[in-house]
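What follows is a set of notes on a single structure, which appears directly below.
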Amino acid sequence: MKAPAVCLVPWVAAVRAALNHGGTRRPKRDRREAKRKQLQLATVDPVTLAPSVRTVVFRGFLQAQHLAAERGQDASDASDDELMEPSTKDSCVMLLITDERAGKVRHLQESFPQSRVELCWWFDEASVQFRIAGRGLIADSTTQDPELRAVRSAVWQRLKASTKETFFWPHPGRPRDVPNQAVSSTDLEDAHFAVVVILPSSVDELHLGGRQKRKIYRSSFKEDYMHLPFSELYDRMAELHWEVEDVNP
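Listed below in structure tokens is the structure:
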């Protein structure tokens, strides 16, 4: 796997600008800053064809060093703030986390290789919305691909202890018959932890307010990429050609 150059994907730059709207040197972290990382993820149940949407938290763009985590390189020092900044190791691949027993995991695994998703991300301060369509891959405890396992390990390492504890809770969505018990382990091997890897193929950027404008970004993504080992898939994502079109709001 080759490390990509600085990510030149135009919509990634636009997302970063919205994330950092109002400046990056704030005196302290506040609720507004955390809220910027909240977005909606839509999936489709492949059995019932019913859509599902839920709010998730953006965990950064995938960086090349995450893929090397199982080969001895340390990726544990990357904070969420660092993931918001441009990096020579960034890609347009997006990361989310979830309980591996959640419905979204089944939706994506059972609909492979289509595994279609759409994200809707509204930035209130910047008055801009991004609708990001593409495919989703799951890296969970059953994953065999070594690079996806490395991504899962790297993301786990940078989570706070309080967040890690939530992946040892009882099965989500089932009747709550007993209180949550104290967590005796925070080892990844015992956690119901999964990373949702988003592979964007098109993006709709809509600016509202006084000067409304809209752009559509379309990529050269091909469905057969989904059958590649993740190291090769990552390279294909780094090499995608993106076309940009200005359209009416």
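Note that the UniProt record's numbering gives residue 129 to position 129 of the sequence shown, counting from 1, and the numbers run on in steps of one. Note that beta-carbon positions come from the ideal geometry of N, C-alpha and C, so glycine has one too. Treat the numbers as computed from the prediction; the structure is a model and nothing was measured.
Item, Value
"D235 in three-state terms, based on DSSP", "helix"
"Collapsed DSSP secondary structure at L206 in the structure displayed", "strand"
"Contacting residues, own chain, Cβ-Cβ under 7 Å from V9 (five flanking each side not counted)", "C92, W242"
"Cα-Cα separation, G136 to Q114", "9 Å"
"Identity of the residue in Q109, Q157, N248, L39 nearest I216 by Cα", "N248"
"Minimum C-alpha distance to K35 - residue among V56, V244, S52", "V56"
"Alpha carbon of L67 to alpha carbon of V12, nearest angstrom", "20 Å"
"Buried or exposed by the 16-neighbour rule on C-beta atoms within 10 Å, applied to E125", "exposed"
"Per DSSP, the bridge partner or partners of G136", "I198"
"Closer than 7 Å to chain B by CB, E165", "Among the chains of the structure shown, chain B does not appear; only one protein chain is present."
"Backbone CA spacing between residue 250 and P175 [nearest angstrom]", "No statement about residue 250 is possible, as the shown extent of the chain runs from 1 to 249 and does not include it."
"7 Å Cβ shell around E239 - same chain, five flanking residues per side excluded", "none"
"Reduced DSSP category for K222 - H, G, I as helix; E, B as strand; rest coil", "coil"
"Coil, strand or helix - P46 by DSSP", "coil"
"Secondary structure of W169, DSSP reduced to three states", "coil"
"Integer Cβ distance of V128 from A42, believed to fall under 8 Å", "19 Å between Cβ atoms; not a contact."
"Three CB pairs or more closer than 8 Å across the segment 224-233 and the segment 155-162", "no"
"Per-residue burial, E82 [other beta carbons within 10 Å of its own, 16 or more giving buried]", "In this prediction, E82 scores a pLDDT of 46, lower than 50, which makes its location untrustworthy; the coordinate-derived value is nonetheless stated afterwards. So E82 counts as exposed."
"Among L206, P51, S141, V44, nearest to F130 - alpha-carbon criterion", "L206"
"Unbroken beta strand (DSSP E) run spanning R36, endpoints", "Segment: none, R36 is in no beta strand (DSSP E) and carries neither H nor E."
"Per-residue DSSP class, three states only, for K160", "coil"
"Same chain only: Cβ atoms within 6 Å of I132, ignoring 5 sequence neighbours per side", "L119, P200, V203"
"Per DSSP, the bridge partner or partners of V57", "Q38"
"Neighbour-count burial assignment, Q38, 16 or more Cβ in a 10 Å radius", "exposed"
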